[in-house]
Structures are given as structure tokens and as C-alpha cells.
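This report refers to the structure that appears directly beneath it.
Structure representation (C-alpha cells):
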């Protein structure tokens, strides 16, 4: 008698099919406008790596410049000291 009321006996209507909650569905088939979490994490990792490396390069160049300026200043003072001691030695 079920076959006369709109279908075969035992057939299920698609509107009564129970689906799991959305949190349990796989997200591999969902295409959104937002990038995936792994891409964002990778981008953040690369950005932090670039920032930290550029910071270390900046510190290295700054220290090298300070050392070069200090070395030239020491050289000028050494020449001035040598000239002053030579003058003292010649006078004496």
C-alpha cells in the first residue's frame, strides 16, 4: 500500500535525512574567500623570520659602523699622540 501513496516501500525522503552537525563535516570541499589556516601560519612564520633576520643584519651593520668609527677615532688619537711624543723627544 505504501507504493500507492507516493513511493516505494522503505524509501526515505531526502528532506528527512539526518546530517551530522556542521562541525563534524569535512571542510575539504568548502571553498571560501579566506585563505586556509596553514597558509596564514606559513605567511606569518616567513614574515617573522624576515623581520628577525633583518633586525640582526641591522644590528650587525650598526656595530660594524660603530667599530669602524671608533677605530678611525683611535687612529687619529694615536697619530696625535705619536706626534706629540716625537715633539717632546726632539725637544729633549
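In UniProt numbering, the protein residues as written are 1 to 92. We treat Cβ as the ideally placed atom computed from N, Cα and C, and that holds for glycine. Since the model is a prediction, treat every value here as computed from it, not as a measurement.
query, result
"Separation of residue 38 from residue 69, as counted between CA atoms", "46 Å"
"Whole-angstrom distance between residue 66 and residue 42, CA atom to CA atom", "36 Å"
"Helix, strand or coil at residue 18 [DSSP, three-state]", "coil"
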